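Note that our numbering has the sequence shown beginning at 678, numbered continuously upward. For each residue, glycine too, the CB sits at the ideal point set by N, CA and C. For clarity, every value in this text was computed on a predicted model and none was experimentally measured. Read the structure below first, then the notes.
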Amino acid sequence: GRARNIEEVRQDLVFVKNGQQAIRMMEGLQVDLIVSEYLMQEMSGDELCHAIKVNTATCRVPVVFLSSLSHSADIVYGLEAGARDYITKPYDITILKARIGMVLSESEKENVGEDSEKNEKDSRDLAFLQKFDKVIREELSNSDLQIMDICREMGMSRTAMFTKVKAVTGHSPNDYLRIYRLKDRKSV
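Structure below.
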């Protein structure tokens, strides 16, 4: 099928000032898509994506980043954070609309194809991520904390841990731990 033109769909738009407001806003609304600045105060784009992905109510909401960061490494990092698309500034509004229409179409197709097996996998992934976060939180005060320590605590090999964390979060375990530490420092 062809991608929908964004004008073909009636969209209710909600604007918020930062990622934390977006998370709070999502608690009370049915959200189909988030278009977010990647560089934000209070919560970065990758932190916003993480918060969306670990919540069962929002984990399927696609995120599109807009950013002035245009190096390939920045774009890859944004996509690995969980964004469905990454659009660099300055952008052409017709291209932005077309890409948002494509993301909405893809998301709609994925949601139509859901079944209990996918929901079961998602709930297992969420349970894994919650356990992983709990282990990190409990050991965070240990400045010598290494991924091997977390692997032992989780009862997993380093390879299995890398594969699972990368599949669920889009980050390597080391990157995920680094982001977690940065987020923890910001909240202190």
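For Val-741, collect the residues of the same chain with a Cβ closer than 8 Å to its Cβ; drop the 5 residues on either side in sequence, then sort them by chain order.
-> Cβ within range, chain order: Leu-710, Ile-711, Val-712, Ser-713, Ala-760, Arg-761, Asp-762, Tyr-763, Ile-764, Arg-776, Ile-777 and Val-780.
For the beta strand (DSSP E) that contains Glu-830, what are its first and last residues?
-> In the DSSP annotation of this structure, Glu-830 is not part of any beta strand (DSSP E); the continuous alpha helix (DSSP H) holding it starts and ends at 824-831.
Note down, one range per segment and in chain order, each beta strand (DSSP E) of at least 3 residues found wholly within the stretch 732-818.
-> Correct list: 740-744 and 762-765.
Could you tell me the boundaries of the beta strand (DSSP E) in which Val-712 lies?
-> Counting along the chain, Val-712 sits inside the beta strand (DSSP E) bounded by residues 711-714.
Three-way DSSP call (helix, strand, coil) for Gln-698 in this model | Taken through DSSP and simplified to helix, strand or coil, Gln-698 comes out as helix.
Helix, strand or coil at Ile-683 [DSSP, three-state] = Bear in mind that the predicted position of Ile-683 carries a pLDDT of just 49, short of 50, making it unreliable; the figure below should be weighed with that in mind. Reduced to three states, the DSSP call for Ile-683 is helix.
Would you say Leu-822 and Glu-815 are within 7 Å of each other, going by their C-beta atoms?
-> No, Cβ-Cβ distance for Leu-822 and Glu-815 is not below 7 Å.
Three or more C-beta pairs closer than 8 Å, one from the stretch 799-813 and one from the stretch 829-847: is that the case here?
-> Yes: at least three Cβ pairs fall under 8 Å.
Excluding the five sequence neighbours on either side, which residues of its own chain have a C-beta within less than 8 Å of the C-beta of Ser-849, listed in chain order?
-> Correct list, in chain order: Phe-839, Val-842 and Lys-843.
When every heavy atom of the ligand MG is checked, does at least one fall within less than 6 Å of the C-beta of Asp-762?
-> The ligand MG is absent from the structure shown, which contains no ligands of any kind.
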